[in-house]
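**Q** Below you will find the structure I want to go over with you.
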Amino acid sequence: LTEAFTEERTSLSARIETLESELQEKVDELEGITASKGEVDGELTIALDESKALRKKIVQLSADLDMAHEKLVEKQAELTEVLEAERIRVSTSTSVAIQFSPQTTEMAIQTDFLMPNMSLRTRHGTTMPRMGARSMRKAAATSVYSESLPPLSPSFP
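Structure below.
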């Protein structure tokens, strides 16, 4: 009887150790699952916040799109009015003759501003040396004035 009791006791002890190790594995697995659940909950919270922000942005963009569509319809109506007015203007316009005269027949403008005591010959006064005929020809060759223009009238107003 003692032997059977001892055998049963050893088998029960082995069974208890096996169950304790299985229980410890399950506890470790549960702790891992709990930690994973916390991470997943955090990711879910972040995803929900992003989803809310994106929904808000979608609503705003939808409102902007509606406003842009209204402006487009408005501008299309304005364009239609302008095109219709232009079509009417073109259909009712008459030809107007224009006289083009490229030759100037009379020119009365002041081309130089002179003091009353100056003349064209003594314009620079005594500060400039007198130019000889050769220098005058050289200056005339590099003049910015066109030679095709008629000479100025000697009388000034």
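Per this note's numbering: the sequence shown = residues 1 to 157. All C-beta atoms in this analysis are idealised placements derived from N, C-alpha and C, irrespective of residue type, glycine included.
1) Roughly how many whole angstroms lie between the Cα atoms of L83 and A77?
2) From the DSSP output, in three-state form, read off T10 for me.
3) Please go through the same chain and pick out, in chain order, the residues whose beta-carbon is closer than 6 Å to the beta-carbon of T10, but skip the five residues on each side of it.
4) Have a look at K57 and D64 and give me their C-alpha separation to the nearest angstrom.
5) What does the Cβ neighbour count give for S36, buried or exposed, with the cut at 16 atoms within 10 Å?
6) Which of the three DSSP states is assigned to T18 in this structure?
7) For S93, does the three-state DSSP call read helix, strand or coil?
**A** The short version:
1) Here residue 83 corresponds to residue number 83 of the sequence shown, with the count starting at 1. Here residue 77 corresponds to residue number 77 of the sequence shown, with the count starting at 1. Cα to Cα, L83 sits roughly 10 Å from A77.
2) Position 10 of the sequence shown holds residue 10. If DSSP states are grouped into helix, strand and coil, T10 belongs with the helices.
3) On the sequence shown, position 10 is the one that residue 10 refers to. Cβ within range, chain order: n/a, list empty.
4) Locating residue 57 in the sequence shown gives position 57, where the first residue counts as 1. Locating residue 64 in the sequence shown gives position 64, where the first residue counts as 1. Whole-angstrom Cα-Cα distance: 10 Å.
5) By 1-based counting over the sequence shown, the position of residue 36 is 36. Exposed is the call here.
6) The sequence position of residue 18 within the sequence shown is 18, counting from 1. T18: helix per DSSP, three-state reduction.
7) Here residue 93 is taken as the residue at index 93 of the sequence shown, counted from 1. The answer is coil: DSSP assigns S93 none of H, G, I, E or B.
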